[in-house]
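Q: The following block contains the structure, expressed as structure tokens.
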Amino acid sequence: MPDTVIDSYKDQMERLAGSLPGWDSARAHAFDRLKNVGLPTTRSEDWRYSDIKSLRKVAFDPMQAPEATPDVPAALSDVAARLVFINGQYQEDLSDLGDLWQAASVRPLANHLMANTDRVTELNQGGDGVNLLNTALMRDGFVLSIPAGVEIDDPVEILHISSGANNAAAHIRHLVEMGEGASATVLERFVGDDSSYWVNSFLQARVTEGATLNHIRLQEEGPNATHTATAVVSVGAGGNYHATNISLGGLLSRFEARVRLLVDEANATVDGVALAGTGESHDMLVHVDHRMPNTTSDQIFRTVADARGKSSFQGKVTVAVGAQQVNADQSFKALLLDRTAEANAKPELEIFADDVKCSHGATVGELDDKALFYLTSRGIDPTTARQMLVEAFTDDAFDRTGSESLAEAIRSRVANWMLGHTVKEKVADD
Amino acid sequence: MLSVKDLHISVDDKEIIKGLSLEIKAGEVHAIMGLNGAGKSTLANTIAGRDDYEVTAGSIEFDGKDLQDLEPHERVGEGLFLGFQYPVEIPGVSNLNFMRTAVNGVRKYRGEDEMSAAEFMKLVRAKAAELKMDTEMLKRFVNVGFSGGEKKRNEMVQMAVLNPRLAVLDETDSGLDIDALKVVADGINAQRREDTAVLLITHYQRLLNYVQPDVVHVMIDGKIVKTGGPELAAELEEKGYAEVA
Chain A
919 MPDTVIDSYK DQMERLAGSL PGWDSARAHA FDRLKNVGLP TTRSEDWRYS
969 DIKSLRKVAF DPMQAPEATP DVPAALSDVA ARLVFINGQY QEDLSDLGDL
1019 WQAASVRPLA NHLMANTDRV TELNQGGDGV NLLNTALMRD GFVLSIPAGV
1069 EIDDPVEILH ISSGANNAAA HIRHLVEMGE GASATVLERF VGDDSSYWVN
1119 SFLQARVTEG ATLNHIRLQE EGPNATHTAT AVVSVGAGGN YHATNISLGG
1169 LLSRFEARVR LLVDEANATV DGVALAGTGE SHDMLVHVDH RMPNTTSDQI
1219 FRTVADARGK SSFQGKVTVA VGAQQVNADQ SFKALLLDRT AEANAKPELE
1269 IFADDVKCSH GATVGELDDK ALFYLTSRGI DPTTARQMLV EAFTDDAFDR
1319 TGSESLAEAI RSRVANWMLG HTVKEKVADD
Chain B
908 MLSVKDLHIS VDDKEIIKGL SLEIKAGEVH AIMGLNGAGK STLANTIAGR
958 DDYEVTAGSI EFDGKDLQDL EPHERVGEGL FLGFQYPVEI PGVSNLNFMR
1008 TAVNGVRKYR GEDEMSAAEF MKLVRAKAAE LKMDTEMLKR FVNVGFSGGE
1058 KKRNEMVQMA VLNPRLAVLD ETDSGLDIDA LKVVADGINA QRREDTAVLL
1108 ITHYQRLLNY VQPDVVHVMI DGKIVKTGGP ELAAELEEKG YAEVA
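Protein chains in written order, with my numbering: chain A, 919 to 1348; chain B, 908 to 1152.
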């Protein structure tokens, strides 16, 4: 990476001094590490399927407030609260905390750090260059703390809108803390215009004993956007973390989930659907670390790729020494709509215990001609028939969103996406 | 209603149907009988428009329209139905959604308004009850986990819901126990009217004991070699294909 790129990030960082209480030294520390490791390249195993050379060539400016307020899309379902960010910055007037503030603590990162100076150390500095840059340059984000025993039924939606942000980036940090026995659904949704922006999001979650967090990510970035996201999650005894990542937009997107199952009976499910349109690349990487016995995890990933589209999945499961009676399953299926489409799958198991059950399966295929003919032979036109088959193909991955109305809304977006990608006749035999 | 003239069909450059002609009028039930490999399924699939089957000569007309000009779903819109020998399993698509999309696809082709969900449910429940299909099966994925008999019964429910003018039923009787066979026969007989026609394609005479055909054809090696009345089926059963043909 050219020094000039690093140096301009240093300038950006210095301009942020004092903006987040107690965070300046962490920024500087992360920046020093970034200088050593640089931004990731495809030579790094975790980044082999995502080539972010456009991010390494030039420094992205910090996103500024857009000249005009962009349209704010309607919520996908009933929500408990709605937090709206435009170009990386929280918009109090567009947000609606509903009654959530009465039941839980929900406040901007800066306020959280101001009130709890000692808790600055809980913020994760991250592993790779993209995380480190987030740590060095983050400006805003939210801290959501659900107290013990509190159950929030409707999703808490965090909406990110990027607008008029050519060659600009937003580095966002959210924290979610689930008290013992608490439950909530957090929906992160990303939308944007056709400018070539970069959203670099980092979410940390702590799911304590008996708590449940449903984490849904709906990535609908603009067509020229780069989207990199990391979720770092720890799960306590009997706790559940359910993630569903849906990648529909952007030119290049990558989501990495790192989940540690720290105590007996902790459970994690990480599911995902990626629909890669023409020339797009979607990458999903999951690492579930079973630290203790009797922990369980399951991953279901379904991807679809159109012409020159690329969908990739790396699923890593590690089972620590002595972590017996672990159950870990993983299923990846890719559907290619065109001969030039690409699917990559890399399951990885590292097991240091001898009494465990781990399974994984990966398939890559095309739409089933027999099923297609069966549907059309009943009077269903070929476009609708393909749409039905793709919806059916992705459906397994939406079973654990924790909200049926939200799952419905997401299914209809998958169907809409398919409308733009079903015009071609079958590609199997030409 | 269906007029097939000197039809030749190839699959992977191999000729399977070698000059077949057939006339079916409204109100008639025809049976084509033949051994495995005679080309019966090739004929049925070609009528329905499966694209691996290439018509190299001859014609298939349905009510004066050249079927080769029509896509499979358009043929259904015109009033054609193919009952599959091996109904396809489609995980992730519910039977109800499948049938409702089919009904509305046909209505769209005909320039009619979509059927409301309530109206459709009424129709499908009535047809399922007539064919003694458990309504729970309507909610399940298309044919997934269905027994052979349940799959064929499901074909009959689809046929009843779509109400075609010409039903081509490819070995609909194969693999059925006697109870299932009777249900399938009831479904076919219910579809038998003055303005409709049925083409049964079968290996055995069994089904014809319950659905009396008007015309029976014997098919050997891609051609119809003999045509007669219902007595021909009994004769085949008794003497075998070699002797009759």
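C-beta atoms are modelled at their ideal positions from N, C-alpha and C, and glycine is treated no differently.
Go through its chain and collect everything with a Cβ distance to G1197 of chain A's Cβ below 6 Å, but skip five positions before and after it.
A: Taking the first residue of the first sequence as position 1, residue 1197 of chain A is located at position 279. Closer than 6 Å at the Cβ level, and outside the excluded window around G1197 of chain A, lie R1226.
Q: What are the residues that DSSP puts in a beta bridge with V1222 of chain A?
A: Residue 1222 of chain A sits at position 304 when you count from the first residue of the first sequence. Paired residues: A:L1193, A:L1253.
Q: Under the three-state reduction of DSSP, which class applies to K912 of chain B: helix, strand or coil?
A: By one-based count along the second sequence, residue 912 of chain B stands at place 5. Note: K912 of chain B maps to strand in three-state DSSP.
Q: Spell out whether any CB of chain A is found under 8 Å from the CB atom of G984 of chain B.
A: Numbered from 1 along the second sequence, position 77 holds the residue referred to as residue 984 of chain B. Closer than 8 Å: yes.
Q: Mind checking P979 of chain B: buried by the 16 CB within 10 Å criterion, or exposed?
A: As a first step, residue 979 of chain B must be located in the second sequence, where it is residue number 72. Classification for P979 of chain B: buried.
Q: Going by other Cβ atoms of all chains shown within 10 Å of its Cβ, with 16 needed for buried, is S928 of chain B buried or exposed?
A: For the purposes of this step, residue 928 of chain B is taken as residue 21 along the second sequence, with counting starting at 1. When all chains shown are included, S928 of chain B counts as exposed.
Q: Starting from the Cα of V1075 of chain B, find the closest Cα among B:G1012, B:L987, B:A933, B:N1050 and give me that residue.
A: The sequence position of residue 1075 of chain B within the second sequence is 168, counting from 1. Among B:G1012, B:L987, B:A933, B:N1050, the Cα nearest to that of V1075 of chain B is on B:L987.
Q: Between which two residues does the beta strand (DSSP E) carrying K1275 of chain A extend?
A: Position 357 of the first sequence, counted from the start, is the residue given in the question as residue 1275 of chain A. Run containing K1275 of chain A: 1275-1283, per the beta strand (DSSP E) assignment.
Q: Does the Cβ-Cβ distance between L1254 of chain A and V1308 of chain A come in under 8 Å?
A: Along the first sequence, read from residue 1 onward, the residue named residue 1254 of chain A stands at position 336. Along the first sequence, read from residue 1 onward, the residue named residue 1308 of chain A stands at position 390. Not in contact: L1254 of chain A and V1308 of chain A (Cβ atoms no closer than 8 Å).
Q: Do you know offhand how far L1282 of chain A's Cα is from T1162 of chain A's?
A: Residue numbering aside, residue 1282 of chain A sits at position 364 when the first sequence is read from its first letter. Residue numbering aside, residue 1162 of chain A sits at position 244 when the first sequence is read from its first letter. Rather than Leu, the amino acid found at residue 1282 of chain A in this sequence is Val. For V1282 of chain A and T1162 of chain A, the distance between alpha carbons rounds to 21 Å.
Q: In the segment 947-1032 of chain A, which residue ranges form an unbroken alpha helix (DSSP H) of at least 4 residues, counting only runs that do not cross its ends?
A: The segment 947-1032 of chain A contains these whole alpha helix (DSSP H) runs: 971-975, 1018-1021.
Q: Which runs of the beta strand (DSSP E) at least 3 residues long sit entirely within the segment 1041-1116 of chain B? Give them in chain order.
A: 1073-1077, 1104-1109
Q: Where M1028 of chain B and Q1248 of chain A are concerned, what is the direct C-alpha to C-alpha distance, given to the nearest angstrom?
A: Taking the first residue of the second sequence as position 1, residue 1028 of chain B is located at position 121. Taking the first residue of the first sequence as position 1, residue 1248 of chain A is located at position 330. Roughly 38 Å between the two C-alpha positions.
Q: Counting only C-beta atoms, is A1012 of chain B closer than 8 Å to chain A at any point?
A: Reading the second sequence from its first residue, position 105 is the one you call residue 1012 of chain B. Contrary to the premise, residue 1012 of chain B reads as Gly rather than Ala in this sequence. Yes, because at least one Cβ of chain A sits closer than 8 Å to the Cβ of G1012 of chain B.
Q: Going by alpha carbons, who is nearest to G1044 of chain A out of A:P1300, A:V1237, A:A1238, A:R1176?
A: Counting from one through the first sequence, the residue named residue 1044 of chain A turns up at place 126. Per the Cα distances, A:R1176.
Q: Give the secondary structure of Q975 of chain B by DSSP, where H, G and I count as helix, E and B as strand, and everything else as coil.
A: In the second sequence, the residue the question calls residue 975 of chain B occupies position 68. Looking at Q975 of chain B - three-state DSSP - the assignment turns out to be helix.
Q: Using only CA atoms, which one of B:G946, B:N952, B:R1113, B:A1024 lies nearest to D1086 of chain B?
A: Here residue 1086 of chain B is taken as the residue at index 179 of the second sequence, counted from 1. Answer by Cα proximity: B:R1113.
Q: I want to verify the contact list: residues of chain A whose CB lies under 7 Å from the CB of L989 of chain B, in sequence order.
A: Here residue 989 of chain B refers to the residue found at position 82 when the second sequence is read from its first residue. Under a criterion of Cβ atoms nearer than 7 Å, the residues of chain A adjacent to L989 of chain B are, in order, S1295.
Q: Give the secondary structure of L1055 of chain A by DSSP, where H, G and I count as helix, E and B as strand, and everything else as coil.
A: Here residue 1055 of chain A corresponds to residue number 137 of the first sequence, with the count starting at 1. It is helical.
Q: Residues of chain A with CB under 9 Å from L1069 of chain B, in chain order?
A: Translated into the one-based positions of the second sequence, residue 1069 of chain B becomes position 162. Simply R1296, G1297.
Q: Do the segment 1038-1054 of chain A and the segment 941-955 of chain A meet, that is, are 3 or more Cβ pairs less than 8 Å apart?
A: yes
Q: For the segment 935-948 of chain B and the segment 1138-1149 of chain B, state whether three or more C-beta atom pairs, one from each stretch, are separated by less than 8 Å.
A: Output reads yes: the segment 1138-1149 of chain B touches the segment 935-948 of chain B.
Q: Drop a sphere of 10 angstroms on the beta-carbon of M1032 of chain A, count the other beta-carbons inside from all chains shown, and report buried for 16 or more, exposed for fewer.
A: Looking up residue 1032 of chain A in the first sequence gives position 114. Burial call: exposed.
Q: Check for me: the beta strand (DSSP E) holding Y1159 of chain A runs from which residue to which?
A: Position 241 of the first sequence, counted from the first residue, corresponds to residue 1159 of chain A. Its beta strand (DSSP E) spans residues 1158-1165.
Q: If we define contact as Cβ-Cβ less than 8 Å, is I997 of chain B a contact residue for chain D?
A: Absent here is chain D; the protein component of the structure consists of chains A and B.
Q: Do three or more CB pairs link the segment 1198-1210 of chain A to the segment 1231-1247 of chain A at distances below 8 Å?
A: Touching, yes, given that three or more Cβ pairs across the two stretches are closer than 8 Å.
Q: Report, in whole angstroms, the separation of the C-beta atoms of I1004 of chain A and S1081 of chain A, which I expect to be a contact under 8 Å.
A: Translated into positions along the first sequence, residue 1004 of chain A becomes position 86. Translated into positions along the first sequence, residue 1081 of chain A becomes position 163. With 8 Å as the limit, I1004 of chain A and S1081 of chain A qualify as a contact, their Cβ atoms being about 7 Å apart.
Q: Can you grab the Cα-Cα spacing for the pair T1148 of chain A / H1200 of chain A, in whole Å?
A: To locate residue 1148 of chain A, count along the first sequence from 1; it is residue 230. To locate residue 1200 of chain A, count along the first sequence from 1; it is residue 282. Whole-angstrom Cα-Cα distance: 14 Å.
Q: With H, G and I counted as helix, E and B as strand and the rest as coil, what does DSSP make of E1343 of chain A?
A: Sequence index remark: in the first sequence, residue 1343 of chain A carries index 425 (1-based). Low confidence applies here, because E1343 of chain A scores a pLDDT of 44, under 50, leaving its location unreliable and the question unanswered by this model.
Q: Excluding the 5 residues flanking V1049 of chain B on each side, which residues of the same chain have their C-beta closer than 6 Å to its C-beta?
A: Residue mapping note: residue 1049 of chain B aligns to position 142 of the second sequence, counting from 1. Its chain contains I997, V1000, N1002, F1005 as the residues whose beta carbon lies nearer than 6 Å to that of V1049 of chain B, once the 5 sequence neighbours on both sides are disregarded; these appear in chain order.
Q: From what residue to what residue does the beta strand (DSSP E) around K1130 of chain B run?
A: As a working note, residue 1130 of chain B is residue 223 in the second sequence. It spans 1130-1135 - the beta strand (DSSP E) in which K1130 of chain B sits, taken as one unbroken run.
Q: Given this structure, state the Cα-to-Cα distance separating L950 of chain B from I924 of chain B, to the nearest angstrom.
A: Walking along the second sequence from the start, residue 950 of chain B turns up at place 43. Walking along the second sequence from the start, residue 924 of chain B turns up at place 17. Roughly 7 Å between the two C-alpha positions.
Q: Look at the Cβ atom of A1022 of chain A, then the Cβ atom of I1064 of chain A, and state whether they are nearer than 8 Å.
A: Along the first sequence, one-based indexing puts residue 1022 of chain A at 104. Along the first sequence, one-based indexing puts residue 1064 of chain A at 146. Against a cut-off of 8 Å, the Cβ pair of I1064 of chain A and A1022 of chain A comes out as a contact.
Q: Can you say whether S1230 of chain A is buried or exposed, counting buried as having 16 or more other CB atoms within 10 angstroms of its CB?
A: Here the question's residue 1230 of chain A lines up with position 312 in the first sequence. S1230 of chain A comes out buried.
Q: Give, in chain order, every residue of the segment 1300-1318 of chain A whose Cβ lies closer than 9 Å to some Cβ of chain B.
A: P1300, T1302, A1303, M1306, L1307, E1309, A1310, F1311, T1312, D1313, D1314
Q: According to DSSP, which residues form a beta bridge with M1202 of chain A?
A: Indexing the first sequence from 1 puts residue 1202 of chain A at position 284. The partner list for M1202 of chain A (beta bridge, DSSP) reads A:F1173, A:F1231.
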